Every structure is written in structure tokens, then in C-alpha cells.
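Input: a single structure, listed below in C-alpha cells.
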Amino acid sequence: FIISLPFGKDNETKNVEKKNKEYETCFRWQRSTEDYSDYEDTTLEPENKLSDCTQFLETIDKVEKGKEVLIIEDSRPDRFRMRMIINDLNIRYRRFAWDAQQRQVLSVKTIEALMHKTHPNIIILDLAWTPRDEKNIHDMLFETKDSIKEILQTIELPNSFDLLKTIKEKPDNYKYLDLIIIMSQFVPPISDGLKLFIQEEYLDAIPCKTRILHKWQQEHDFKEILIENHRSRA
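Yeah, the sequence shown ends on 234 if you go by UniProt numbering, and it's all consecutive.
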């Protein structure tokens with residue numbers, strides 16, 4: 001006869017549980033078990049560190065086309081605020097390009113793979129995902145469109161610009177997109193050089209509706225745009 005001794009879980013079971021635990025931190029606005037005290041130190045990872053969650057894409061179920069909002073935002077309070085707005089508007093599916101364990105926005109490569117799998121119809125996009133992004137975009141404030149082009153020749157392309165460039169260069173791969181909303185503290189409600197540059201360099205070449213809004217000074221406009229898009233698909 002066989003005697004089974006309680007030596008604990010085998011390595012395979014432990015690995016599966018570890019992977020499931022790690023997956024719980026990807027594509028969500030925060031970890032399910034954390035509380036606000038975890039964020040007393042809100043310092044982001046230095047420089048330009050992003051997270052790669054591509055190994056967990058196979059566990060994601062694709063929702064009905066035209067029903068999902070993808071939110072790319074590094075600020076926890078802003079993720080929470082967007083989550084509440086979307087919930088109030090009865091938009092059923094929202095996903096976050098965020099790794100709560102690492103406290104990092106997902107890499108452009110991961111976001112691109114995620115989009116190809118889930119086909120979100122709306123992207124809500126923050127401009128600065130990392131401290132390096134924030135510094136570089138801050139240097140573009142109050143500059144003209146032409147000056148910004150010169151600045152970009154001397155620095156690494158901000159990650160949000162890189163994503164917009166990817167969509168711009170392969171528009172046929174993103175036909176499922178209905179709307180891109182850029183929500184950023186760096187763009188004022190009125191037109192300026194940075195806003196004009198983003199519009200002409202990227203958004204004008206992307207074949208879906210696009211808007212650039214100030215976060216959160218144009219919150220009412222943000223809600224109205226989402227409501228209008230939601231009604232048009234009803």
C-alpha cells in the first residue's frame with residue numbers, strides 16, 4: 001500500500017499558484033488585497049522602467065468587440081477616478097495597462113499585444129508614464145510645434161508618443177478603435193504647441209475619433225465624449 005505524507009505542495013502546484021498571483025496584478029487598477037496605506041510612498045520606478053506582462057495574455061478572455069475601454073495611466077488616484085467615471089456611465093468592460101505588483105505601466109510592446117487580443121474600442125491615454133517621460137514632456141511645455149520636433153531629435157521618444165506612432169504607422173491593425181482620448185495635465189484646454197504637435201504628428205493620421213483633454217479641468221467634456229460614443233454603439 002502507498003502512504004501519502006504531507007510534504008506540502010509540489011513544485012508544479014506552487015508555480016501555478018505563483019503565476020496566478022502575479023497575473024492578478026496585471027491589467028488591473030490596483031492589487032485586490034492592497035489598501036491606500038500601501039501608497040504612502042507614491043514614488044515611481046526611476047527613469048523609464050515599464051512592465052512586461054505578455055506571458056499572462058493567454059489567460060485573458062476577449063470581450064465582445066466594441067465593449068472595452070483600455071486605460072493607460074500611471075497615477076493611482078487618476079486610475080481610481082477614471083474607474084469611477086466609467087462605472088457611473090455603465091460601460092461594462094474596462095482594463096488597465098498597469099502592473100500593480102511592480103507599480104509600472106505596461107510596456108508599449110505588451111500594450112500592443114494586449115490590444116491585438118482584446119480589441120478595445122476606446123483608449124484613454126496619459127502622456128507621461130514614467131519619470132523620464134514626465135521630464136521630457138515637461139521640457140516641451142510652452143514650446144512651438146517646430147521646437148518640439150527639434151527637442152525630440154535629442155531625447156528618447158516618450159512612451160505615449162511611441163504608442164501613438166505605432167498606431168499611426170499600422171492603421172489597418174487597429175481598425176477596431178473608435179476613440180482615443182488623451183488625458184494629461186500637460187495639455188491646457190486651449191491650443192498650444194504640444195497639443196498642436198500631437199494632433200498633427202499623430203492623431204490626424206489615425207483613422208478614428210481623437211480628443212486631447214486637460215486632466216481634470218475638462219472632466220465634463222471627458223464624460224460627454226464617453227457618453228456620446230457609448231450611445232452611438234448602442
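Beta carbons are placed, not taken as given, at the ideal position from N, Cα and C, and that holds for glycine. Because the structure is a prediction, the values reported are computed rather than measured.
### Query
Looking at Asp-204 and the ligand SAM, is the gap between the Cβ and the nearest heavy atom below 8 angstroms?
For the structure depicted, the ligand SAM is absent and the ligand set is empty, with no information on it obtainable.
### Message
Quick check on the DSSP output: what are the complete alpha helix (DSSP H) runs of length 4 or more inside the stretch 129 to 189, in order along the chain?
### Response
Taking only runs of at least 4 residues, the alpha helix (DSSP H) segments lying wholly in the stretch 129 to 189 are 131 to 138, 145 to 152, 159 to 169.
### Query
What is the rounded straight-line gap between the Cα of Gln-185 and the Cα of Glu-134?
Counting from one through the sequence shown, the residue named residue 185 turns up at place 185. Counting from one through the sequence shown, the residue named residue 134 turns up at place 134. For Gln-185 and Glu-134, the distance between alpha carbons rounds to 10 angstroms.
### Rounded straight-line distance, which links the Cα of Leu-177 to that of Phe-197
Position 197 of the sequence shown, counted from the start, is the residue given in the question as residue 197. Position 177 of the sequence shown, counted from the start, is the residue given in the question as residue 177. A straight-line Cα-Cα distance of about 21 angstroms links Phe-197 and Leu-177.
### Task
State the DSSP-derived secondary structure class of Leu-57, mapped to helix, strand or coil.
Along the sequence shown, one-based indexing puts residue 57 at 57. Note: Leu-57 maps to helix in three-state DSSP.
### Query
Given Trp-216, which residues of its chain have a CB within under 6 angstroms of its CB, disregarding the five upstream and five downstream residues?
Position 216 of the sequence shown holds residue 216. If we look at Trp-216 and ignore the five residues flanking it on each side, it has no Cβ neighbours.
### Query
Expressed to the nearest angstrom, what Euclidean distance is found between the alpha-carbon atoms of Glu-156 and Asp-99?
Numbered from 1 along the sequence shown, position 156 holds the residue referred to as residue 156. Numbered from 1 along the sequence shown, position 99 holds the residue referred to as residue 99. Spanning the alpha carbons of Glu-156 and Asp-99 requires a straight line of approximately 23 angstroms.
### Enclosing alpha helix (DSSP H) for Lys-117 [first to last residue]
Position 117 of the sequence shown holds residue 117. Per DSSP, Lys-117 belongs to the alpha helix (DSSP H) from 108 to 118.
### Query
On the three-pair Cβ rule with 8 angstroms, is the stretch 78 to 97 touching the stretch 220 to 228?
These segments touch.
#### Entry: Counted within 10 angstroms of its Cβ, other Cβ atoms place Gln-104 as buried (16 or more) or exposed
The sequence position of residue 104 within the sequence shown is 104, counting from 1. Buried, because 16 or more other Cβ atoms sit within 10 Å of the Cβ of Gln-104.
### Task
Measure the alpha-carbon distance for Tyr-202 versus Gln-101 and round it to whole angstroms.
Here residue 202 refers to the residue found at position 202 of the sequence shown. Here residue 101 refers to the residue found at position 101 of the sequence shown. Rounded to the nearest angstrom, the two C-alpha atoms are 32 angstroms apart.
### Query
How about Lys-130 and Asn-159: are their beta carbons less than 9 angstroms apart?
Indexing the sequence shown from 1 puts residue 130 at position 130. Indexing the sequence shown from 1 puts residue 159 at position 159. A quick correction: the sequence has Thr, not Lys, at residue 130. The Cβ-Cβ distance between Thr-130 and Asn-159 falls below 9 angstroms.
### Message
How far does the beta strand (DSSP E) with Glu-68 in it extend, from its first residue to its last?
### Response
Start at 1 with the first residue of the sequence shown, and residue 68 comes out as number 68. Unbroken beta strand (DSSP E) run through Glu-68: 68 to 72.
### Message
Let's test the definition: count the other Cβ atoms within 10 Å of the Cβ of Thr-210 and tell me whether it reaches 16, buried, or not, exposed.
### Response
Walking along the sequence shown from the start, residue 210 turns up at place 210. Using a 10 angstroms sphere on the CB of Thr-210, the tally of other CB atoms reaches 16 or more, which defines it as buried.
### Task
Specify, as a first and last residue, the run of the beta strand (DSSP E) that Ile-86 falls within.
Within the sequence shown, residue 86 is the residue found at index 86, counting from 1. Careful: Ile-86 lies outside any beta strand (DSSP E), inside the alpha helix (DSSP H) at 76 to 88.
### Message
By the DSSP assignment, the alpha helix (DSSP H) with Ile-198 in it spans what residues?
### Response
For the purposes of this step, residue 198 is taken as the residue at position 198 of the sequence shown. Run containing Ile-198: 193 to 201, per the alpha helix (DSSP H) assignment.
#### Entry: Through-space distance from Ile-182 to Ser-147, alpha-carbon basis
Taking the sequence shown and counting its residues from 1, one reaches residue 147 at position 147. Taking the sequence shown and counting its residues from 1, one reaches residue 182 at position 182. Whole-angstrom Cα-Cα distance: 21 angstroms.
### Query
Would a C-beta distance cut-off of 9 angstroms place Thr-110 and Leu-50 closer than the cut-off?
As a working note, residue 110 is residue 110 in the sequence shown. As a working note, residue 50 is residue 50 in the sequence shown. Contact: yes.
### Query
Are Leu-179 and Val-187 close, meaning C-beta to C-beta below 9 angstroms?
To locate residue 179, count along the sequence shown from 1; it is residue 179. To locate residue 187, count along the sequence shown from 1; it is residue 187. Against a cut-off of 9 angstroms, the Cβ pair of Val-187 and Leu-179 comes out as no contact.
### Task
Please determine, among Gln-218, Asp-139, Ala-97, Met-82, the residue with the shortest C-alpha to C-alpha distance to Cys-53.
Counting from one through the sequence shown, the residue named residue 53 turns up at place 53. Put simply, of Gln-218, Asp-139, Ala-97, Met-82 the residue whose alpha carbon is nearest the alpha carbon of Cys-53 is Ala-97.
### Query
Are the Cβ atoms of Ile-190 and Gln-199 separated by less than 9 angstroms?
Against the sequence shown, residue 190 aligns to sequence position 190. Against the sequence shown, residue 199 aligns to sequence position 199. Contact: no.
### Beta-bridge partners of Ile-123, as assigned by DSSP
Looking up residue 123 in the sequence shown gives position 123. The partner list for Ile-123 (beta bridge, DSSP) reads Leu-70, Ile-180.
### Query
Across which residues does DSSP place Leu-50 in a beta bridge pair?
Along the sequence shown, read from residue 1 onward, the residue named residue 50 stands at position 50. For Leu-50, DSSP assigns no beta-bridge partner whatsoever.
### Query
Between the C-alpha atoms of Gln-55 and Lys-149, what's the straight-line distance to the nearest angstrom?
Here the question's residue 55 lines up with position 55 in the sequence shown. Here the question's residue 149 lines up with position 149 in the sequence shown. Taking the straight line from one Cα to the other gives about 36 angstroms.
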